[in-house]
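Colleague: Its first residue numbered 1, the sequence shown is counted upward by one per residue in the UniProt record's numbering.
A virtual CB, placed ideally from N, CA and C, is assigned to each residue, including glycine.
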Amino acid sequence: MTTGSNTGSNTGSNTGTSRAVLLDGKALATKVKADLAKRVEVLRAAGFSPGLGTMLIGDDPGSHAYVAGKHRDCAEVGIASVRADLPANATQADVMREVARLNADPLCTGYIIQLPLPKGLNSIAALEAMDPEKDADGLHPMNLGRLVLGQEAPLPCTPRGIVELLRAYDVPINGAHVVVVGRGVTVGRPLGLLLTRKSENATVTLVHTGTKNPAQYLREADIIVAAAGVPHMITADLVKPGAAVLDVGITRTEAGLVGDIHPDVMNVAGFMAPMPGGVGPMTRAMLITNVVESLERAHRRVHLPAHLPTQGA
């Protein structure tokens, strides 16, 4: 995977006369999974068997399709998968029992709770009850705290996928002005934490419903990440020529799935991650990456020399 030089302002040269460079998340995810398959073989040879668990509540067809895709990814890289499907009328007690079961299941070395949960269920309580070491989504409060402190921990999948996609296509991050539209816990807020680490070194503006004149910030952005769930809210007139634009929003309409980015942006942006095929495949690839890395950390702890203290000792 290319790491990118990340040395300054955006290098996209589109001035409205050509189409943006496509940030192909599907192709990159294929490369990531090929590398993960090799790492899984090494773990299995050492006696470690990774397994991904998913908890899905309800009958939403989109969520079911998304979870099914995650299990297909597991099969591709040689990871076992464990499904925990609960009915739409599941209670909070049902959810907490399933969390406890997955925490204790040795076949499940990492798992996710598919969000959002149906109305009436407390997602924060469910996330807090997870074993932080099995948090494949990187959304446990302890792991988000480790991200703030710069400590090793599972990283939120979509933000991590965005960073890896930008790096793979040599989109400059260091010193870039990144405008993130949306402040959700799965994308907006943790993405700001990732991008402001010294390793990324970007300046981040978080635009949300309380932001006055968001167009002003968007037009100044080197990189735009749209994660608001408002169909085609980012139009070509809001994008600086040559900027990198990544579509993370998704809305179900009668015409099908629609992203936050209007198709005309392709004629202005220097780089474009569309929906679908951009960030989505990388989110799933980073989920599997978190599961593999978690077991690799466990492998290192087991093989740590006896005279060396473990972290925090």
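Could you say which of 164, 157, 218 lies nearest to residue 177 if we only look at CA atoms?
Modeller: The residue with the shortest Cα to Cα distance from residue 177 is 218.
Colleague: Take residue 2 and list the residues in its own chain whose beta-carbon comes closer than 6 angstroms to its own, dropping the five residues that flank it on each side.
Modeller: For residue 2, the predicted model reports a pLDDT of 36, less than 50, meaning its position is unreliable and no value from the coordinates is stated.
Colleague: Which of the three DSSP states is assigned to residue 292 in this structure?
Modeller: If DSSP states are grouped into helix, strand and coil, residue 292 belongs with the helices.
Colleague: Just to confirm the assignment: which complete alpha helix (DSSP H) runs, minimum length 4, are found wholly within the region 177–237?
Modeller: Complete alpha helix (DSSP H) runs here, min 4: 188–195, 214–220.
Colleague: Give the secondary structure of residue 253 by DSSP, where H, G and I count as helix, E and B as strand, and everything else as coil.
Modeller: DSSP places residue 253 in strand when its eight states are reduced to three.
Colleague: Can you tell me whether residue 19 is buried or exposed, with buried defined as 16 or more other CB within 10 angstroms of its CB?
Modeller: Label assigned to residue 19: exposed.
Colleague: Assign residue 311 to one of two classes, buried (16 or more other C-beta atoms within 10 Å of its C-beta) or exposed (fewer than that).
Modeller: Low per-residue confidence applies at residue 311: pLDDT is 41, beneath 50, and the placement is therefore not dependable, though the value from the model is reported in the following sentence. By the neighbour-count rule (16 or more Cβ atoms within 10 Å), residue 311 is not buried but exposed.
Colleague: Compare the C-alpha of residue 47 against each of 54, 39, 53 and name the closest.
Modeller: Comparing Cα positions, the closest option is 39.
Colleague: If contacts are defined as beta-carbon pairs under 8 angstroms, then residue 113 and residue 127 qualify, I think. What distance do you get, rounded to the angstrom?
Modeller: Indeed they touch by this definition, with Cβ atoms about 7 angstroms apart.
Colleague: Going by DSSP, what residue range makes up the alpha helix (DSSP H) through residue 54?
Modeller: Not the alpha helix (DSSP H): residue 54 falls in the beta strand (DSSP E), residues 51–57.
Colleague: Which whole-angstrom value is the C-beta distance of residue 109 and residue 83, which I expect to be below 8 angstroms?
Modeller: Contact doesn't hold; Cβ gap of about 15 angstroms is too wide.
Colleague: Could you tell me the boundaries of the beta strand (DSSP E) in which residue 266 lies?
Modeller: Per DSSP, residue 266 belongs to no beta strand (DSSP E) and is neither H nor E.
Colleague: Compute the Euclidean distance between the alpha carbons of residue 199 and residue 166, then round it to the nearest angstrom.
Modeller: For residue 199 and residue 166, the distance between alpha carbons rounds to 13 angstroms.
Colleague: Quick check: residue 115 and residue 289, are their CB atoms within less than 9 angstroms of each other?
Modeller: The answer is no: Cβ separation not under 9 angstroms.
Colleague: Using 10 angstroms around the beta-carbon of residue 148, count the other beta-carbons present and answer buried if the total reaches 16, otherwise exposed.
Modeller: By the 10 Å Cβ count, residue 148 comes out exposed.
Colleague: Measuring alpha carbon to alpha carbon, tell me which of 251, 247, 103, 255 ends up nearest residue 264.
Modeller: Checking every option, the nearest Cα to that of residue 264 belongs to 247.
Colleague: Unbroken beta strand (DSSP E) runs of length 3 or more, entirely within the region 102–133: which are they?
Modeller: As far as the region 102–133 is concerned, its whole beta strand (DSSP E) runs of at least 3 residues are 110–113.
Colleague: May I ask you to report which of helix, strand or coil DSSP gives residue 20?
Modeller: In this structure, residue 20 counts as coil in the three-state DSSP scheme.
Colleague: Apart from the five residues just before and just after residue 58, which ones in its own chain have a Cβ nearer than 7 angstroms to its Cβ?
Modeller: Only 88, 118 meet the Cβ criterion.
Colleague: Taking the DSSP output, what are the residues bridged to residue 247?
Modeller: Partner(s): 226.
Colleague: I need the straight-line Cα distance from residue 151 to residue 143, nearest angstrom please.
Modeller: Going by the C-alpha atoms only, they are around 9 angstroms apart.
Colleague: Identify, in the order they occur along the chain, each residue of the same chain with its Cβ nearer than 6 angstroms to the Cβ of residue 154, setting aside the five sequence neighbours on each side.
Modeller: Once the five neighbours on either side are set aside, the close Cβ partners of residue 154 are 135, 138, 143, 290.
Colleague: From what residue to what residue does the beta strand (DSSP E) around residue 84 run?
Modeller: Unbroken beta strand (DSSP E) run through residue 84: 80–86.
Colleague: Under the rule that 16 or more other beta-carbon atoms within 10 Å means buried, what is residue 8, buried or exposed?
Modeller: Its pLDDT being 39, under 50, residue 8 is placed unreliably in this model, and the value from its coordinates should be taken loosely. With fewer than 16 Cβ atoms within 10 Å of its Cβ, residue 8 is classed as exposed.
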